[in-house]
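Participant:
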Amino acid sequence: MTPPPPLFAIRWLFLRLLALSYLAAFLSLAVQIQGLAGSQGILPAHTLLDWVRPRAGIERYWMAPTLFWMGDSDVALGAVPIAGAVLSVLLFVGVAPLPILVSSWALYLSLAVVSQVFLGYQWDALLLETGLLAVLLAPGGWWPRPGRESPPSPVAVWLFRWLLFRLMFGSGVVKLSSGDPTWRGLTALRYHYWTQPLPTWVGWY
Numbered sequence: 101m102t103p104p105p106p107l108f109a110i111r112w113l114f115l116r117l118l119a120l121s122y123l124a125a126f127l128s129l130a131v132q133i134q135g136l137a138g139s140q141g142i143l144p145a146h147t148l149l150d151w152v153r154p155r156a157g158i159e160r161y162w163m164a165p166t167l168f169w170m171g172d173s174d175v176a177l178g179a180v181p182i183a184g185a186v187l188s189v190l191l192f193v194g195v196a197p198l199p200i201l202v203s204s205w206a207l208y209l210s211l212a213v214v215s216q217v218f219l220g221y222q223w224d225a226l227l228l229e230t231g232l233l234a235v236l237l238a239p240g241g242w243w244p245r246p247g248r249e250s251p252p253s254p255v256a257v258w259l260f261r262w263l264l265f266r267l268m269f270g271s272g273v274v275k276l277s278s279g280d281p282t283w284r285g286l287t288a289l290r291y292h293y294w295t296q297p298l299p300t301w302v303g304w305y
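Residue numbering for the sequence shown follows this note's numbering, starting at 101 and increasing by one per position.
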């Protein structure tokens, strides 16, 4: 059965929005990675890898899956987010979405591992999970054309629905079970946007 046309349009839009999310993440890391995980950074990547290597042996590739096992120099740390940003632009344009999504996910996972606590937030995990599921959603080919591309996988569509449910339901459960009376009283949003840890200027309005 051929998926309805809106499903193709949704995939087209979703992959481009994901590309913009990747681009923002990689560009942000491009200017911060040396200070976070560089040789003179707060938590140097080489310190983590040197600690894991003798203790985990061959299992280190599973315990700490990162491309920086091949080299953790400052040059490599700086090159990976730049490469990721380039791939994000190509993904937005629509070039080879499947291999680019695989590569983007691998690069961001590599950065997340060596960045340790700095990329340990919920949104980092969400980007990694979304990026991995997007591999199942992406059309094949080097330049997929609308109307000629492979249809979205039903499995991928349902996995995204499950991810969205977990995200929304889990976020609600955590807040309501926190014991905070403003969340339980459904009044927290009167204060949340301008007291959140990373507020934006629109939070005041």
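Just so you know, even glycine gets a beta-carbon here, dropped at the ideal spot from N, CA and C.
CB-CB under 7 Å to Ser250, same chain, minus the five flanking residues each way: which ones, in chain order?
Facilitator: Counting only Cβ-Cβ distances below 7 Å, and skipping sequence neighbours, we find Pro239 and Gly240.
Participant: Check for me: the alpha helix (DSSP H) holding Met268 runs from which residue to which?
Facilitator: Note, Met268: alpha helix (DSSP H), Pro254 to Leu276.
Participant: With a threshold of 16 other CB atoms inside 10 Å of the CB of Ile133, please say whether the residue is buried or exposed.
Facilitator: Flag for Ile133 reads buried.
Participant: On a Cα-Cα basis, can you pick out the residue from Leu226, Asp150, Val213 and Leu198 that is closest to Pro244?
Facilitator: Of the listed residues, the one whose Cα sits closest to Pro244 is Leu198.
Participant: Where does Glu159 fall in DSSP's three states?
Facilitator: Correct three-state label for Glu159: helix.
Participant: Taking 6 Å as the limit between beta carbons, can you name the residues of its chain near Gly272, skipping five residues before and five after?
Facilitator: Nothing meets the Cβ criterion.
Participant: Please give me, in chain order, every unbroken run of the alpha helix (DSSP H) with length at least 4 that falls completely inside the region 125–201.
Facilitator: Counting only runs of 4 or more, we get 133–137, 145–156, 160–163 and 174–193.
Participant: Which residues mark the beginning and the end of the alpha helix (DSSP H) in which Gln222 is found?
Facilitator: Gln222 -> alpha helix (DSSP H) spans Gln222 to Leu237.
Participant: Is the separation between the beta-carbon of Ser210 and that of Leu187 shorter than 8 Å?
Facilitator: Their beta carbons are not under 8 Å apart, which means Ser210 does not touch Leu187 by this criterion.
Participant: Rounded to a whole number of angstroms, what is the C-alpha to C-alpha distance between Met101 and Leu236?
Facilitator: Residue confidence for Met101 is low, a pLDDT of 49 falling below 50, so the modelled location carries little weight; the figure read from the coordinates is stated next. Each residue's Cα considered, the two are about 18 Å apart.
Participant: Might you give, ordered along the chain, the residues of its own chain that have their beta carbon closer than 7 Å to the beta carbon of Gly138, omitting 5 neighbours on each side?
Facilitator: Result list for Gly138: Pro144, Asp174 and Leu177, in chain order.
Participant: Indicate whether the contact test is met: 3 or more Cβ pairs, each with one atom in the region 150–163 and one in the region 259–276, closer than 8 Å.
Facilitator: No contact exists between the region 150–163 and the region 259–276.
Participant: Hey, could you find the ends of the alpha helix (DSSP H) Thr295 is sitting in?
Facilitator: Note, Thr295: alpha helix (DSSP H), His292 to Thr295.
Participant: Helix, strand or coil, according to DSSP, for Thr287 in the structure here?
Facilitator: Residue state, collapsed to three classes: coil.
Participant: Can you say whether Pro297 is buried or exposed, counting buried as having 16 or more other CB atoms within 10 angstroms of its CB?
Facilitator: Classification for Pro297: exposed.
Participant: Between the region 277–284 and the region 252–260, do at least 3 Cβ pairs fall closer than 8 Å?
Facilitator: Result no; under three Cβ-Cβ pairs closer than 8 Å.
Participant: Using the Cβ count rule (16 or more neighbours within 10 Å means buried), how would you classify Trp223?
Facilitator: So Trp223 counts as exposed.
Participant: Near Leu201, what residues of its chain come up, given a Cβ to Cβ distance below 6 Å and the 5 sequence neighbours on each side ignored?
Facilitator: If we look at Leu201 and ignore the five residues flanking it on each side, its Cβ neighbours are Ala234, Val235 and Ala238.
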